[in-house]
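Position in the sequence shown (first residue = 1) + 4 = the numbering used here.
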Amino acid sequence: MRNSTPAKHVFVTGGVASSLGKGLTASSLGRLLRSRGLRVTMQKLDPYLNVDPGTMSPFQHGEVYVLDDGSETDLDLGHYERFTNGTLN
Numbered sequence: 005m006r007n008s009t010p011a012k013h014v015f016v017t018g019g020v021a022s023s024l025g026k027g028l029t030a031s032s033l034g035r036l037l038r039s040r041g042l043r044v045t046m047q048k049l050d051p052y053l054n055v056d057p058g059t060m061s062p063f064q065h066g067e068v069y070v071l072d073d074g075s076e077t078d079l080d081l082g083h084y085e086r087f088t089n090g091t092l093n
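Below you can see the structure in the form of structure tokens.
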């Protein structure tokens with residue numbers, strides 16, 4: 005039987021400017037929580053609608069990270085995978 009403890013959420017938010025370290029902060033928090041034995045799931049909500057990160061300027065949105073399933077995503081997802089030893093798709 006699964007533990008009936010309710011899920012807890014941590015939101016890392018910031019302004020509209022990129023490169024403020026929100027992704028690294030969230031990744032670091034995920035790693036710390038996982039090291040304490042908690043199950044961690046990362047999600048990123050981005051306001052870009054119908055935009056492929058592979059076609060955006062790296063100066064506008066940073067580098068592209070490619071997931072195992074071939075999806076071109078934001079570099080923050082790469083941080084999430086590396087810091088939490090997880091796989092996103």
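Backbone N, C-alpha and C define an ideal beta-carbon position, used for all residues, glycine too.
Computed from a predicted structure; not experimentally measured.
In DSSP terms, what residue i is bridged to
i: V14; result: Its beta-bridge partners do not exist; DSSP assigns none.
Nearest-angstrom Cβ-Cβ length linking residue i and residue j, presumed shorter than 8 Å
i: N93; j: D73; result: 4 Å
i: G34; j: Y84; result: 7 Å
i: E76; j: D50; result: The pair is not a contact, with the Cβ atoms about 13 Å apart (cut-off 8 Å).
Spatial distance of residue i from residue j (CA atoms)
i: D78; j: K48; result: 9 Å
i: G82; j: S61; result: 18 Å
i: D80; j: F63; result: 15 Å
i: L42; j: A30; result: 15 Å
i: R86; j: T9; result: 27 Å
i: L71; j: A11; result: 26 Å
i: H46; j: S32; result: Reading the sequence as shown, one finds Met at residue 46 and not His. In a straight line, the C-alpha of M46 is about 11 Å away from that of S32.
Other residues of its chain near residue i: CB distance less than 7 Å, five sequence neighbours each side excluded
i: K26; result: V16, G18
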